[in-house]
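Let me begin by presenting the structure, written as structure tokens, before commenting on it.
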Amino acid sequence: METKHVAVVGAGIVGLSTAISLQQAGFTVTLIDRNDPGKGASFGNAGLFADYARLPFTKFAMLRKMPGMLLDSESPLSMQGAYLPHLMPYGWGFLKSCSQAKYEQGRAALTQLQHHTRENDDHLLALTGARSLVQANGCLGLFATQENFVAAQEGDMAERLAQGVNLSYVGAEEVAELEPDLAPFYAGGVFYKDTRFTVNPLALCRRYAEYFAAQGGRLLNQEVVAVHPSIDRVEVQLQDQRIAVEHVVMCAGVASQKLLDPLGCRFPLVSERGYHLTLDTEKSQISRPVGWLDKAIFLTPMATGVRLAGTAEFAFADAPANEQRTDVMLNHAQVMLGFTPQVQDSWVGSRPSTPDSLPVIGSLKAHPRIIAAFGHGHLGLTFAAVTGKLVTQTIQGVATAVDLQPFAPERFS
Numbered sequence: 067m068e069t070k071h072v073a074v075v076g077a078g079i080v081g082l083s084t085a086i087s088l089q090q091a092g093f094t095v096t097l098i099d100r101n102d103p104g105k106g107a108s109f110g111n112a113g114l115f116a117d118y119a120r121l122p123f124t125k126f127a128m129l130r131k132m133p134g135m136l137l138d139s140e141s142p143l144s145m146q147g148a149y150l151p152h153l154m155p156y157g158w159g160f161l162k163s164c165s166q167a168k169y170e171q172g173r174a175a176l177t178q179l180q181h182h183t184r185e186n187d188d189h190l191l192a193l194t195g196a197r198s199l200v201q202a203n204g205c206l207g208l209f210a211t212q213e214n215f216v217a218a219q220e221g222d223m224a225e226r227l228a229q230g231v232n233l234s235y236v237g238a239e240e241v242a243e244l245e246p247d248l249a250p251f252y253a254g255g256v257f258y259k260d261t262r263f264t265v266n267p268l269a270l271c272r273r274y275a276e277y278f279a280a281q282g283g284r285l286l287n288q289e290v291v292a293v294h295p296s297i298d299r300v301e302v303q304l305q306d307q308r309i310a311v312e313h314v315v316m317c318a319g320v321a322s323q324k325l326l327d328p329l330g331c332r333f334p335l336v337s338e339r340g341y342h343l344t345l346d347t348e349k350s351q352i353s354r355p356v357g358w359l360d361k362a363i364f365l366t367p368m369a370t371g372v373r374l375a376g377t378a379e380f381a382f383a384d385a386p387a388n389e390q391r392t393d394v395m396l397n398h399a400q401v402m403l404g405f406t407p408q409v410q411d412s413w414v415g416s417r418p419s420t421p422d423s424l425p426v427i428g429s430l431k432a433h434p435r436i437i438a439a440f441g442h443g444h445l446g447l448t449f450a451a452v453t454g455k456l457v458t459q460t461i462q463g464v465a466t467a468v469d470l471q472p473f474a475p476e477r478f479s
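Quick look at the structure:
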């Protein structure tokens with residue numbers, strides 16, 4: 067039997083993981099991206115394999131906070147005014163997803179994905195020789211006030227415990243023992259013992275890309291102009307050629323929408339931009355990711371320095387960076403560290419986010435030879451390997467390890 071040819075559009079961490087999974091299953095795979103592997107949103111994440119992330123953002127309590135957050139210049143949430151019309155379908159979808167039934171469905175779906183993440187991550191890291199790029203020192207999430215700490219214990223943390231997350235509460239003295247170089251800005255927090263992180267997200271992507279190429283995978287640095295599905299194949303239109311394949315997997319993040327629009331496939335996918343700064347913290351060291359959860363920022367020790375990552379800015383992907391965002395983040399870092407660190411470099415990139423906090427995974431009903439694998443929001447690195455496995459099972463026509471109905475592309479129709 068002739069080997070089936072699959073094109074994967076997008077060489078971020080989700081696309082790379084998917085390409086390798088398909089390759090391992092015996093498919094001929096072409097991976098296409100106008101940029102080098104790992105240079106999109108995957109480049110700038112906080113480096114966390116966030117095993118604790120099992121709760122959708124879709125709560126009426128969050129909805130009520132949003133207007134005030136958008137008016138607060140120091141809030142982790144902001145919006146570019148011109149982007150507001152593009153947020154309307156997303157906002158309506160967010161509102162609908164805040165019902166208790168929808169929230170519980172989303173929580174159950176994320177938890178099911180999490181049950182398969184570590185196994186698939188471990189397989190991919192071992193396969194590609196990338197284990198040295200991942201550390202297992204746990205993760206700290208801290209609160210500046212006792213009031214917020216107690217509220218979290220009674221709210222999100224209690225839910226996470228019920229979902230099987232391995233966490234423990236730590237007081238100020240315990241935090242100081244775990245991370246003695248932090249300034250004492252905290253009242254206490256939560257310690258996620260099982261959480262892992264990569265010390266270099268770009269190097270991890272490059273390691274995956276090198277393995278893929280070494281196993282015979284084809285990497286094309288070209289822009290995909292259009293996809294043309296038919297009954298027995300899909301033609302991928304590039305800048306200077308067309309490629310005919312049996313299946314296309316769309317892993318292009320926020321750019322996926324532009325390619326699927328002409329096919330009549332609309333998604334309330336938005337550009338939720340995140341920022342990071344690389345800090346030189348001199349002699350002050352941390353040994354694991356540390357989040358100030360009140361401010362929605364993380365400090366992660368990486369090979370190139372300490373990465374300060376966070377915020378959610380709804381804006382066009384190609385809009386200029388908002389320096390006010392990075393100024394606010396740096397102010398928070400000063401409080402966490404107790405001094406002003408030197409900034410080595412900065413970055414902004416767009417997370418592809420959906421209104422119900424769930425990624426889009428599965429074949430398109432109208433065009434079953436096209437498989438969606440985008441919309442992972444803050445959890446691209448966390449769910450990359452398991453997404454690749456689920457996409458491979460979908461194309462193979464076998465039962466998927468996780469029920470894909472909650473992630474179906476048509477759920478927004």
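Count along the sequence shown starting at 1, add 66, and that's the number in my numbering.
Think of the CB as a built atom: it goes at the ideal place given N, C-alpha and C, for glycine as much as any other residue.
Asked	Found
Leu233, enclosing beta strand (DSSP E) - first and last residue	Leu233 to Gly237
Length-filtered (3 minimum) beta strand (DSSP E) runs lying within the region 72-154	94-98 and 143-145
Cβ contact (3+ pairs, closer than 8 angstroms) linking the region 350-357 and the region 242-260	yes
Asp393 - DSSP class collapsed to helix/strand/coil	helix
Whole-angstrom distance between Leu191 and Leu286, CA atom to CA atom	23 angstroms
Backbone secondary structure at Arg184 - three-state DSSP	helix
Beta-carbon proximity list for Arg308, same chain, < 6 angstroms, skipping 5 on both sides	Glu301
Residue interval of the beta strand (DSSP E) (run including Gly340)	Val336 to Asp346
Helix, strand or coil at Glu301 according to DSSP, with G and I counted as helix	strand
Rounded C-alpha distance that separates His189 from Asp138	44 angstroms
Cβ neighbour criterion (16 or more within 10 Å) applied to Lys455	buried
Alpha-carbon to alpha-carbon, Gly441 and Lys162	18 angstroms
Cβ shell of Tyr169 (< 8 angstroms), same chain only, five flanking positions each side left out	Pro122, Thr124, Lys125 and Ser163
Which residues DSSP lists as bridging Glu379, in chain order	Ser144 and Arg339
Local Cβ density within 10 Å of Thr165, reported as buried at 16 or more and exposed below that	Correcting the residue type first, residue 165 is Ser in the shown sequence and not Thr. Exposed.
Per-residue DSSP class, three states only, for Ser412	strand
Inter-residue spacing [alpha-carbon to alpha-carbon] between Thr344 and Glu239	28 angstroms
DSSP three-state assignment for Val452, whether helix, strand or coil	helix
Residue(s) in a DSSP beta bridge with His294	Glu301
Of the listed residues Ala112, Val290, Cys331 and Phe405, nearest to Pro367 (C-alpha basis)	Ala112
Classification of Met223 by the beta-carbon crowding that lies within 10 angstroms, buried from 16 upward	buried
Backbone CA spacing between His294 and Pro334 [nearest angstrom]	22 angstroms
Alpha-carbon to alpha-carbon, Leu129 and Ile436	34 angstroms
Assigned secondary structure, Pro367 (DSSP; H/G/I helix, E/B strand, else coil)	strand
CA-to-CA distance, Tyr118 to Trp358, given in whole angstroms	16 angstroms
First and last residue of the uninterrupted alpha helix (DSSP H) at Val265	First-last for Val265: undefined, no H or E at that position.
Helix, strand or coil at Arg173 according to DSSP, with G and I counted as helix	helix
Burial state of Lys259 (16 or more Cβ within 10 Å)	exposed
Separation of Leu304 from Val464, as counted between CA atoms	31 angstroms
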